[in-house]
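Protein chains in written order, with the numbering used here: chain A, 40 to 249; chain B, 8 to 225; chain C, 59 to 315.
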Amino acid sequence: MQRVFPFFLEAAWTTILLSVLTAILGVSCGILGTAARLSRFLVFRFLGAAYVSLFRGTPALIQLFILYFGGPQIGIQLDAFEAGVIGLGVNVGAYMTETMRGAIIAVDKGQAEAARTLGMSRWQAMRKVILPQAMRLMIRPLGVNINALIKSTALVAAISVVELTYTAQRYIGSTYKPFEMFLIAGVLYMIIIYIVGLGVAWADRKARIT
Amino acid sequence: MGLDFSVIPKYLDIVLLGAVWTIAITIGAAVVSFFGGIILAIIALYAPKIISWPFRAFSFLFLGTPLLLQLFLIYFGLVQIGIDVPAFMAGVIGLGLHFAVYNSELFQTSILAVDKGQNEAARTLGLSRLQALRKVIVPQAVRDVIPPIGNNMIALLKDSALVSVIGVSELTLSAQRAIGSTYRPFEFYVLVAIIYYIINLVMEAVLRHVERRIQVSR
Amino acid sequence: MSDQPPFIDIRHAQKSFGTLDVLKDISLQVERGQIVAIIGPSGSGKSTLLRAINDLDPLTGGEIWLEDKQINKTLPHRQYEKHINEVRQEIGMVFQHFNLFPHLKVRENVTMAPKMLKGLSEAQANALAEEQLTKVGMIERIDYYPSQLSGGQKQRVAIARALAMKPKVMLFDEATSALDPELVEEVNLVMKTLAEEHMTMIIVTHEMGFAESVCDRVLFMDQGVVVEEGPPEVIFRNPTNERTRNFLRKHLAGQAG
């Protein structure tokens, strides 16, 4: 078992890298999606809703396959890692859109009314009154999205990216010890999730300093 | 290479058969995850520590690791123990177990949330602990928890695509078979995405209907 | 009686939600410096009328004028936004549930709008905030957060926040309805002070005693129309309309005089 451990560490690093890049893309898509869904233009609202519905309503694995295997047919050539980041990033972005939108909607309606009544524009009210309050509400749920995201990076094993799950499967084949390989990979996943969880809790605490 | 959707009709029957299998796996795993979830919840809450502890540890492990990794464990693990199950069974067990753990968390919260007074009323009428659980607490807890459980089942449908990786013949794998012959991944994966989406819409409509009917009986 | 155009002129105000008419052809003029009370049962449309004045809940028919400007003008979106934001700076509003900004201290609650919209410097805004908060008696809590204040204190800060924009008219939407009884008086005192300074005020309220002591005019609304109006002595002591009498009887029956 000791022989394979270094490979798992290396794979863990890939998983971490995947998670970070995907999370960044996911948050970006989430912000775009939320802006679209809250826009005053029907076109953007529709596109935003369609984005959320399609990407949450179909398996992430299929989205990955369309991008990686089907991409070349429409002129998109990505290596597996790139396809993984983009595919999973856009996918988790749909979930994050709903998380962010939910937090903004959860801010009491009276807050916007008070701000508008003082003479602030829609955007001024959003920037100074609504968003600061929505931020506090959205950090924990976004943490849940990120938690799921870290676990979903396992999907790229299906397109042969050498990360934790791929490595576990590979060495189950050669060592015939599925339980041990599962445990090594599993514990490493849980450590990554735990550390990220600490970060989220820290951000949550910071946001609530009042 | 471009797109050519005309290849689809020839393989439509294979793909639709795959869809039927996906629905079968989803229903099977959903049933396992539902009852498994209740059992796990009751063990976690009411069993003596020596029994509940290993189950809690197992739940902890399954909550914090990816489904795909768990599927590999169950598929290869069962073979190692000597139990040779067909991939289909491994898929249903793996999916079912994964979601049973998630459901168990929901059930535990819900059971605890059912008013303590309900338990007291039942016990003072003379019901035993198990009877009170079965007839009073669990039915109410289950009713409260239908919406999130329903959402888990819809997630289960989408995650069922993963069992294709361990060779289960369902929708995703059937697409891969068609792709093997036609070399047109885009067309078939998009087709399959549409089919998943439709099944998803149907499940959501059913869930909404069930939720509405539950509201009525409150 | 002046020859100037009325300060606030509501012409044939109408508001419907689908088939439901919440406001049915209401016309009303308020002079500068007048203190007007609007009373009535829930669902009478009194809050809706108040909230139409600064276009928070736009009317479906009719016009609202502030001096020489029409508030609910129909304009293309961008121009409308600019117009309404400017107009709202002249109309202060106090809400039943205060709506203070919880993530900001009392000081910032009051200084934010003047700084952002009137270009006041930090020092100017602070001076303004201190002046208004002193007036409402909340200067000592200037660096507190709203969550650390009682209901009455929050409402007084809300009044200071609205006053900091130097509005021409103040709208009060059941300002004391959400307060515990012992906290109502401190808010009423502030409102009385404003009245003595001849601020134009339109007050939607359930507090009959307060309305009688402070207001020049009382309007009784029911089911979307103004049923009766007049000076407080008449409305409260000797109403002419049967519905007004019924409402007052029912309403005062539960109060200990």
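For glycine and all other residues, C-beta sits at the position ideal for the given N, C-alpha and C.
Check, Outcome
"C-beta neighbour in chain B for residue 171 of chain A, strict 8 Å", "no"
"Min CB distance residue 96 of chain A to chain B below 8 Å", "yes"
"The region 214-224 of chain C / the region 165-176 of chain C touching (three or more Cβ pairs under 8 Å)", "yes"
"Beta-carbon proximity list for residue 185 of chain B, same chain, < 7 Å, skipping 5 on both sides", "18, 21, 22 and 195"
"Sub-8 Å separation of residue 227 of chain C and residue 258 of chain C beta-carbons", "yes"
"Local Cβ density within 10 Å of residue 73 of chain C, reported as buried at 16 or more and exposed below that", "buried"
"Beta-bridge partners of residue 81 of chain C, as assigned by DSSP", "C:73"
"Residue 280 of chain C, enclosing beta strand (DSSP E) - first and last residue", "275-280"
"Check whether residue 123 of chain A and residue 103 of chain A have beta carbons under 8 Å apart", "yes"
"Option nearest residue 202 of chain C by Cα separation, candidates C:175, C:158 and C:177", "C:158"
"Closer than 8 Å to chain A by CB, residue 198 of chain C", "no"
"Where residue 183 of chain A falls, given that 16 or more other Cβ within 10 Å makes a residue buried", "exposed"
"Residue range of the alpha helix (DSSP H) that includes residue 239 of chain A", "217-246"
"Contact belief for residue 181 of chain B with residue 44 of chain B at Cβ below 8 Å, rounded distance in angstroms", "Not really, about 29 Å apart at Cβ, beyond 8 Å."
"Partners in chain A for residue 159 of chain C, counting only beta-carbon separations shorter than 9 Å", "150, 153, 154, 167, 168, 171 and 172"
"Cβ of residue 279 of chain C within 8 Å of any chain A Cβ", "no"
"Euclidean distance between Cα positions of residue 195 of chain A and residue 119 of chain A", "8 Å"
"Proximity test, Cβ basis, 8 Å: residue 87 of chain B and chain A", "yes"
"Interface residues of chain A facing residue 249 of chain C [CB-CB closer than 8 Å]", "The contacting residues do not exist; residue 249 of chain C stays about 17 Å from chain A at best."
"For residue 67 of chain B, the first and last residue of its enclosing alpha helix (DSSP H)", "56-70"
"Per-residue burial, residue 150 of chain A [other beta carbons within 10 Å of its own, 16 or more giving buried]", "buried"
"Whole-number beta carbon distance between residue 191 of chain A and residue 237 of chain A, since they are thought to touch under 8 Å", "Incorrect: roughly 20 Å between the Cβ atoms, too far for contact."
"Rounded C-alpha distance that separates residue 178 of chain A from residue 121 of chain A", "27 Å"
"Own chain partners of residue 59 of chain C with C-beta closer than 6 Å, once the 5 adjacent residues on each side are dropped", "At residue 59 of chain C, the pLDDT of 48 sits below 50, so the modelled position is not reliable and the matter cannot be decided from this model."
"Residues of its chain near residue 117 of chain A, where Cβ-Cβ distance is below 8 Å and the 5 sequence neighbours each way are ignored", "106, 107, 110 and 125"
"7 Å Cβ cut-off: residues of chain C touching residue 160 of chain A", "139 and 143"
"Proximal residues, the region 206-217 of chain B versus chain A, C-beta separation under 9 Å", "207, 208 and 211"
"Three-state class that DSSP yields for residue 200 of chain A in the structure shown", "coil"
"Proximal residues to residue 108 of chain B (C-beta, below 7 Å), its chain only, five neighbours per side dropped", "47, 66, 69 and 70"
"Alpha-carbon spacing of residue 77 of chain A relative to residue 66 of chain A, whole angstroms", "16 Å"
"Residue-level contact to chain C via CB, residue 77 of chain A, 8 Å cutoff", "no"
"Buried versus exposed call for residue 315 of chain C [16 or more other C-beta atoms within 10 Å across all chains shown]", "Note that residue 315 of chain C scores a pLDDT of 40, beneath 50, so its modelled location is shaky; the value from the coordinates is reported in the next line. Exposed: under 16 other Cβ atoms inside 10 Å."
"Range covered by the alpha helix (DSSP H) that runs through residue 15 of chain B", "15-53"
"Three or more C-beta pairs below 8 Å linking the region 76-92 of chain B and the region 213-233 of chain A", "yes"
"For residue 180 of chain C, the three-state DSSP class (helix, strand or coil)", "helix"
"Cβ contact (3+ pairs, closer than 8 Å) linking the region 237-246 of chain C and the region 182-191 of chain C", "no"
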